[in-house]
Amino acid sequence: MNYEASFGVIGLGTMGKNLALNVESHGFRVAVWNREQDWTDAFIAERASGAFRGSASLEEFVRAMARPRRVLMMIPAGKPVDEMIDRLRPLLAPGDVLVDGGNSWYLDTRRREAALRDARIHFVGCGVSGGEEGARNGPSLMPGGSDEAWAALQDVLEAIAARADAGPCVTHVGPDGAGHFVKMVHNGIEYGDMQLIAESWDVMRRGLGLSAVETADVWAAWNEGPLQSFLIELSAEVCRVADPDTGAPLVDLVLDQAGQKGTGRWTAQVALELGVPVPVIAAATDARVLSSMKAERSHAGRLLPGPGAVLEGIDRETALRELHDALLASRICTYAQGMALIAAGSREYAWNVDLSEICRIWTGGCIIRAQLLDTARAALAQDPRLSNLLLAPELSRAAVAAQPAWRRTVQRGITAGITMPAHVSALAYYDTYRSPRLPQNLTQAQRDAFGAHTYERIDRAGTQHSTWKP
């Protein structure tokens, strides 16, 4: 075909291929290139009638696009991105826009954006959420970069993004690494929410003896109320699937070792560096690490006795109702921790991220889309300086109302020996955050006693040091 493409995609793996299809289906001519030439050839051959142009080399790929060129890289994060930038840099011209759509470390994105800025090439770190289906039919997009880069990309990104009641699920998040920072936190929230759901499922299965299909019915019912979300809906679907070979619930045949690609760990790491508590996300990350220790856990299970994991002294309906409320309260804490971390990152790097907009673009397309985000968005729009979502009136009322059931659910799980680290962490976060007085006065006294680190008094101003040992 003899035409200039208006957009280019490098990397034809699952996400890159589906994003290319999404872009083309919205009326844009798309140039594509993949390191393995046979992938490019197969992609073009299967879509001969489409507005695609395959290239045998990066030079040909760049020449195929109208200027200013807009290039999306969907390749593994880390060294491959730097190598691709090095190959593309001499081929691109001032005004061109290079987008990294992978899950890159946001500090790498800041470095890359600064390095290309001198050559007047715009670099954009763009978070993409929604998985394979989202990439094809409408993801949530989190681009960070210059205003000029956003202006150059806005038409195509708004066209391919998911649509919610409040518009396309994309916004200009902020400068340099803001987009990848927000995507990192998004994934951290995802870790936390998935762990809370898994723990709730464990209570249903082991604690209450529900079958997999019965839990699917519970998820489906919960998805009609305040817990409505993609992950609750997905849980209902997953728990209904039967193994074609045995007829058993397929989920019961899945090895209990959860994988991870590092974004949850990054979130916990950055939170420590910025001084923002994210205990649910940290607990979820730890839970995945512990799950990977399958052989060691199996050995320990034979040596370390515990309760039988059955909830006693409560009827099923009451336990499920209270579990629902506990999950809602814990989820509110998880989202609150994530938004607090985004706010801290925005302050640290002067990104001026609009938290209400982040909630808006997460209401469609992305993995953590949930009814809760509509409430959070409204609260943050009304009070952009809200320090914590737990202080939003509607969410605080929900957490307070759920509190008795929340405490009873966690207590039952602990008594029965059902592991609930994320729920426990969420409740501890709630109790710590609401406490005007904490026992860290003893911690400060200890620090001063063994290391002369000083302390402050509640009844006078100034730094103090005392002799604590007789």
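The letter at position 219 of the sequence shown is residue 219 when you use the numbering used here, and the numbering goes up by one with no holes.
We treat Cβ as the ideally placed atom computed from N, Cα and C, and that holds for glycine.
Non-local C-beta neighbours of R288 in its own chain, meaning closer than 6 Å and more than five positions away in sequence, comprise A258, Q260, ordered along the chain. The Cβ-Cβ distance between A268 and C239 does not fall below 8 Å. Sixteen is the threshold: when 16 or more other Cβ atoms of the shown chains lie within 10 Å of the Cβ of T263, as they do, the residue is buried. Here P279 has Q337, S425, A426, A428, Y429 as same chain residues with Cβ atoms under 8 Å from its own Cβ, once five neighbours each way along the sequence are excluded.
Counting the other CB atoms within 10 Å of its CB gives K17 a total of 16 or more, which places it among the buried residues. Rounded to the nearest whole angstrom, the CA to CA distance from A45 to V30 is 14 Å. One Cα belongs to A376, the other to E113, and the distance between them is close to 31 Å.
In the DSSP assignment, P404 falls within the unbroken alpha helix (DSSP H) covering 393-416.
Shown here for T109: same chain residues with a beta carbon closer than 6 Å to its own, the five before and five after excluded, namely G125, G177, H180 in chain order.
The segment 339-351 and the segment 431-441 do not touch, with fewer than three beta-carbon pairs separated by less than 8 Å. For L72, the enclosing beta strand (DSSP E) stretches over residues 70-73. Assignment of P226 by DSSP, reduced to helix, strand and coil, places it in the coil class.
Under the three-state reduction of DSSP, G188 is assigned to helix. Short of 8 Å from the beta carbon of I197, and not among the five residues preceding or following it, lie these beta carbons of its own chain, in chain order: L231, I232, S235, L327.
Between E132 and T14, the CB-CB gap stays under 8 Å.
In the DSSP annotation of this structure, the continuous segment of the alpha helix (DSSP H) that includes F61 starts and ends at 58-63.
R288: member of the alpha helix (DSSP H) spanning 279-291, first to last residue.
Contiguous alpha helix (DSSP H) elements confined to the segment 350-398 occur at 355-361, 371-382, taking only those with 4 or more residues. For the pair G364 and R163, the CB atoms are nearer than the 8 Å cut-off. By the neighbour-count definition (other C-beta atoms within 10 Å, threshold 16), M293 is an exposed residue. For the pair L98 and G134, the Cα-to-Cα distance works out to about 21 Å.
In the DSSP annotation of this structure, the continuous segment of the beta strand (DSSP E) that includes P143 starts and ends at 140-144. CA-CA distance, L380 to P168, rounds to 19 Å.
Selection G207, P305, D459 evaluated against I314 yields G207 as nearest (Cα-Cα).
In terms of CA proximity to M65, L91 leads the group L304, L91, A445. For S129, the three-state secondary structure derived from DSSP is strand. Per DSSP, the unbroken beta strand (DSSP E) holding W33 starts and ends at 30-33. Proximity to T463 across D448, L304, W351 peaks at D448, based on C-alpha coordinates. In this structure, the CA atom of R360 is about 46 Å from the CA atom of Q446. Nearest Cα to T467 within the set I458, A282, A461, A452: A452. In this structure the segment 293-313 does not touch the segment 213-229; the number of beta carbon pairs closer than 8 Å is below three. When DSSP reads this structure, L98 sits in a beta bridge with V71, F123.
Comparing alpha-carbon positions, the option among L157, I414, A56 lying closest to V23 turns out to be L157. Each of G188, D38, S49 was checked against the Cα of I368, and the nearest Cα belongs to G188. Within its own chain, the residues whose Cβ lies closer than 6 Å to the Cβ of V71, once the five positions on either side in sequence are excluded, are G8, L98, listed in chain order. With 16 or more other Cβ atoms inside 10 Å of its own Cβ, P249 counts as buried.
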